[in-house]
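Which chain is which? The protein sequence lines are A and B, in order. Taking our numbering, the leading residue of the first sequence gets 127, the next gets one more, and so forth. Taking our numbering, the leading residue of the second sequence gets 127, the next gets one more, and so forth. Glycine included, every Cβ here is placed at the ideal spot set by N, Cα and C. Computed from a predicted model, the values in this text were never measured in an experiment.
There are 2 protein chains.
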Amino acid sequence: MAGEVRQLDERKLAVLRAIVQDYVGTEEPVGSKALVERHNLGVSPATVRNDMAALEEEGYIHQPHTSAGRIPTDKGYRLFVDKLAEIKPMSAPERRAIRHFLDGAVDLDDVVARTVRLLAQLTRQVAVVQYPSLTRSTVRHIELVALAPAKVMLVLITNTGRVEQRMVDCPGSVGETVLADLRARINARAAGRRLPEVPGLLEELPALFEQADRPTVSTVLATLFETLAEQNEERIMLAGTANLTRFGHDFPLTIQPVLEALEEQVILLRLLGETADAAMTVRIGRENAYEGLNSTSIVSVGYGSGDESVAKLGVIGPTRMDYPGTMGAVRAVARYVGQILAES
Amino acid sequence: MAGEVRQLDERKLAVLRAIVQDYVGTEEPVGSKALVERHNLGVSPATVRNDMAALEEEGYIHQPHTSAGRIPTDKGYRLFVDKLAEIKPMSAPERRAIRHFLDGAVDLDDVVARTVRLLAQLTRQVAVVQYPSLTRSTVRHIELVALAPAKVMLVLITNTGRVEQRMVDCPGSVGETVLADLRARINARAAGRRLPEVPGLLEELPALFEQADRPTVSTVLATLFETLAEQNEERIMLAGTANLTRFGHDFPLTIQPVLEALEEQVILLRLLGETADAAMTVRIGRENAYEGLNSTSIVSVGYGSGDESVAKLGVIGPTRMDYPGTMGAVRAVARYVGQILAES
DNA sequence: TCTGGCACTCGTACGTTCAGAGTGCCAAGA
DNA sequence: TCTTGGCACTCTGAACGTACGAGTGCCAGA
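Encoded structure:
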C-alpha cells in the first residue's frame, strides 16, 4: 500500500539495509550507536533510533528484549532482498574456478556431484541439486534388449545424459526380429522429441504389428510410458550438511528438523518445485511451507542445457544469510552447469 | 595377559556391565550407590567403589572429575562387547516388520533405500548401506547398442540387479553385424561368471575378428574391463543423520566432523571396507582410523545374496550406544536383505 | 574380604550484585 | 517539521559467593 511506502523514506531503508548487513556479519543484535559508527549514515544515533522505532512499528525489525539491539524479521529480509540488495556477481577468479571445477566432469552423475559440492563450498551452506528432470528432456535413444525369452530390458537415454532402465515381463516369448522392428520404429518416431510428447507419437504402433505380437508390443510400450511419466524417479543430490553446524546458538533445536527435511527427498523436491523456472526464487523463513524449515531461507533457480530449464538447484541456509553473495553464487553455478550440459 | 584377567573377577565384570548399561541409558556418569540400587549386585556401595577403583586402575572406566560417577572408556566398551554382552535378537514382531518393510521393494535402488531407512529407524542412529559391489557379483548380461556410427553404449547388468552403462567412442564406424557378433561372443563367455574373471575369459576375442574390426573390438573390451574394475563406482546410501542431534551435550563440536565424514563416500567406504566379510565388526571410538569419528562407534557386517557377502552395511552412533540392540538390528537387517537379493 | 562410617572434594544451582548496552522520551535547536 | 543531545530506565550477562549434594577414598571393625 502507498501508506507503507510513504513511511519508509530513503534513510529508513538505508538503516534497514545496514541492520541486515551488520546482523548477517556479526550474528548479534545491532544497536543504534554501533550502526552509525560502522556505516557513515550522517545522522546521530538518536535519529537512527527513531527510524528503528518506525521500522519496528512496520514489522521489519524486532528486538529480542527491551535493552537489546534489533534483528531483521522475515519481512525485513524480504524487503532487503526485493529492494535493497543487488545480486553480487562472482569475481573473475571465482568464475574461472567454477568453470575449471565443472569442466572435469565425465558423466551426468559426475556433473551433478561436482555442482552440488561446488555450490556448498562457495556458499558455505547446504546445497541441493536436482537431476535434470525426465519430463523436460528429449529422447536420445531407446534400446530394447532380450535378456530371456519373455524378459526384455528397456533403456531410455535422454539428451541430458540421463539413463533409466526397466525390466519388462512380456506375456509371451519375444522374437528377435519383432524386437528389432519395434526398436527401430520407436526410435524413428521418438528420437529427439520431448519425453511427454512420446506416448502420443507411439500410440498406433501396436496396430502395425501382427496380431500375435501385439500384447508384447503393448506391454513394452506401457512400461516405456510409465518410465517416461515417472515423477517419483526425480532424484536429488545434497552436499554441505556439515555447514549446518554454523547455524546458530540454539543449535540442536534448529538443526534437527532441518536434517529431517533434508532426508526427505519429497520435501526437497516440493521446495524446489516452487521455484519459478527462469527467475531466481528466494523463500525466507516462514514463507516456506514446510515448518521444519521455518528458520531457514532457500535460494533456488532453474538451470538447463538451452534457454529452457530442465531442473532446479539451490542453497538452504539460515534466514540470517548473505543474500547477495548466495544469490550470486547460485546464479553463476546454474549458468555454468547449463553450459556444460549444452556442450555434452 | 593373565595378569589382567586375574584382576577382573566375576563381580568386577558385573560392575562394568552394569556401568555400561546404566550409562548408555541415562547418559550420565554412574555412581556406586545408584548402581547397587538399580542392579541387585548383592553387595554394598563401598564394595562396588573398591571394584570401581580397580576397574579405573585397569583403564576400563574413568571419572570426568573427582566427585563424579564413572564413565566407560573405549577399552571398557570393548570388553563389554567382547565378553559381557550378547547380541540381542529381534523380537518376532520386529522380524515380521523388517520382512514386511523390505518385501515391498521393486528394484535394487529401492531395496537399498528401504534397507538404509529401516536400519536408521530401528537403531535410531545413522545407517549406511553399500550397494552390492561389482567385483563380487556375476554377469547376468552385457549389451551393446549402436547410438551413432562410431558411438556404442555398453550396458552391464549383474545378478544383483545393478546396472552400469558407459559410452564408447570407437576408432571407426561399427557395423551392426560385427556388433551383434561381439555381443553374442561376449555373453556366451561371460554370462554367469564373476566380474573379476571376465577379462581373462575375453582376452583372445579380438583375434577372432577380422583385422579391420580389431581396433573397435579392443576399444569396446577396454571400456568393459574398465567398468568391471571400477572401484570408484562403489556407491553408498545414508539415512538417519537427524539422529545425530541426540548425540551428546557438547554438540556442535562432536557433530561437525561426523557430518563431514558422512559426506565423504571415500571415508565411509574405507570404514566399511575394514569390516570382516562374514563376522560382525564393531569399531569403538579411537579404534577408528579416521579421527573425526573418534567419539563414534561403527557396527558393520557384510550381506549377500548367497553365503558370500557382496557388500557391507552398518550403523554409526556415539560410543555410548546400545551395543546388543544395535548389533541385533544390524544382523537381522543384513540377513533379510540377503534373502531379498537371493530371491530376485 | 566385605561393610559402614566419615571426612573431603568438587561441580552445579542459586541468589546477588554490578556494569554496560541500548532504549524511549523530552526539550531544545535548526 | 525534523534532528539532536541528554537523561532516566530497563534488561541481560558476567562475576562472585554460598550452599547443597553427589560421589569418592580411606579406615577400622566384623
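By the neighbour-count criterion, in which 16 or more other beta carbons inside 10 Å mark a residue as buried, A/Q337 falls on the exposed side. Not a single C-beta of chain A is nearer than 8 angstroms to the C-beta of B/A140. Taking A/P171 as the centre and dropping the five residues before and after it, the same chain places the C-beta of S158, K159 and V162 closer than 7 angstroms to its C-beta, in chain order. When DSSP states are grouped into helix, strand and coil, B/I197 belongs to the strand group. The C-beta separation of A/V156 from A/Y449 comes to about 17 angstroms, leaving the pair out of contact by the 8 angstroms criterion. The DSSP assignment places complete beta strand (DSSP E) segments of no fewer than 3 residues inside the region 342-424 of chain B at 362-365 and 407-410, in order along the chain. Close partners of A/Q291 in chain B (Cβ separation under 7 angstroms): V289. Ranked by Cα distance from B/M293, the first of A/P341, A/A211 and A/R288 is A/R288. Secondary structure of A/E330 (DSSP, three-state): coil. Neighbours of A/E386 in chain B, taken as residues at a C-beta separation under 7 angstroms, are given in chain order as A368. In the DSSP assignment, B/D295 falls within the beta strand (DSSP E) that extends over V289 to D295. Residue pairing by DSSP places B/I442 opposite B/V252 and B/I424 in a beta bridge. Beta-bridge partners assigned by DSSP to A/H267: A/I283.
By the criterion of at least three beta-carbon pairs nearer than 8 angstroms, the region 326-342 of chain B is not in contact with the region 228-239 of chain B. Going by DSSP, B/Y462 is part of the alpha helix (DSSP H) stretching over Y449 to E469. At a cut-off of 8 angstroms between beta-carbon atoms, A/L327 makes no contact with chain B. Within chain A, the residues V271, L273 and M279 have their CB atoms less than 8 angstroms from the CB of B/H267, given in chain order. Within chain A, the C-beta atoms nearer than 7 angstroms to that of B/A365 come from E389, in chain order.
Contact residues of the region 250-262 of chain A toward chain B are absent (C-beta to C-beta distance below 8 angstroms). Residue contact check for B/Q247 against chain A: no CB pair falls below 8 angstroms. The CB of B/I187 never comes closer than 9 angstroms to any CB in chain A; the least such distance is about 27 angstroms. Under the Cβ distance rule, A/T241 does not count among the residues neighbouring chain B, no pair being separated by less than 8 angstroms. The three-state secondary structure of A/L321, taken from DSSP, is helix.
Secondary structure at A/A306: helix, using DSSP grouped into helix, strand and coil. Within the DSSP secondary-structure output, B/I187 pairs in a beta bridge with B/P198. Pairing B/G440 with B/T241, the inter-Cα distance amounts to about 10 angstroms. In this chain, the alpha helix (DSSP H) harbouring B/G151 covers E136 to T152. Using a CB distance cut-off of 8 angstroms, A/T173 does not count as an interface residue toward chain B. Listed along chain A are P378, I381, Q382 and L385, each with a C-beta nearer than 8 angstroms to that of B/T371. With a cut-off of 8 angstroms on Cβ pairs, the region 140-153 of chain A is in contact with the region 173-187 of chain A, counting three or more such pairs. By the C-beta criterion, the region 255-262 of chain B is judged to be in contact with the region 425-437 of chain B, since at least 3 inter-stretch pairs fall below 8 angstroms.
In the three-state DSSP reduction, B/L167 falls in the coil class, being neither helix nor strand. If you draw a straight line from the Cα of A/S344 to the Cα of A/I312, it is about 12 angstroms long. When A/V271, A/L395 and A/S263 are compared, the shortest CA-CA separation from B/R266 is found for A/V271.
Using a Cβ distance threshold of 8 angstroms, A/R315 and A/L327 count as a contacting pair.
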